[in-house]
Amino acid sequence: MRGIGILPELSRVFGSLRKSGKGLSVSDLFHQALCFFFDGTSRHLVHFDAVKQDAGYAGAIEMAPEKMASSHTMKRFFGAFRGPQNWGFRRVLQQLFLWRLQKDQPKVVVLGIDAMVM
Numbered sequence: 000m001r002g003i004g005i006l007p008e009l010s011r012v013f014g015s016l017r018k019s020g021k022g023l024s025v026s027d028l029f030h031q032a033l034c035f036f037f038d039g040t041s042r043h044l045v046h047f048d049a050v051k052q053d054a055g056y057a058g059a060i061e062m063a064p065e066k067m068a069s070s071h072t073m074k075r076f077f078g079a080f081r082g083p084q085n086w087g088f089r090r091v092l093q094q095l096f097l098w099r100l101q102k103d104q105p106k107v108v109v110l111g112i113d114a115m116v117m
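Going by numbering that gives the first Met the number 0, the first residue of the sequence shown is number 0, and it counts up by one from there.
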């Protein structure tokens, strides 16, 4: 995640979610949330309480043990996403797409459109 620069982009786009300077940074919260999704060991947010106590897990995701988030912190973080903030993910996905194009520099890009009608 650090290699492709997604965490600074997420911090820039969603930095306004943070109401005060106390607590964990938006970048740290996204880092832990994405690792939680990639890991897939548990689907429950209370799993954050278990891994907060596990120094090995903190080391595996390259996070200082004192910066590990609790389930309550993650619930507040996920609860902060309301309508307008969700559009920020579109911006981040566009940045990832452009990063990948610049990295691979393909001669042709084929885009498909899913026109599914609900």
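Even for Gly, the Cβ is constructed at its ideal location relative to N, Cα and C.
Item: Between D27 and K51, which are expected to be in contact by the criterion C-beta below 8 Å, what is the C-beta distance as a whole number of angstroms?; Value: Their Cβ separation, rounded to whole angstroms, is 12 Å, which puts D27 and K51 out of contact at 8 Å.
Item: With a floor of 4 residues, list each alpha helix (DSSP H) that falls wholly inside the segment 26-97, ordered by position along the chain.; Value: 46-51, 54-59 and 70-78
Item: I think F13 touches Q104, with their Cβ atoms under 8 Å apart; what is that distance to the nearest whole Å?; Value: Between Q104 and F13 the Cβ distance is about 29 Å, and since that is not below 8 Å, they are no contact.
Item: Keeping to the same chain, check which residues put their C-beta closer than 6 Å to that of F76; ignore five residues upstream and five downstream.; Value: L28
Item: Give the straight-line distance between the Cα atoms of D38 and V116, rounded to the nearest whole angstrom.; Value: 33 Å
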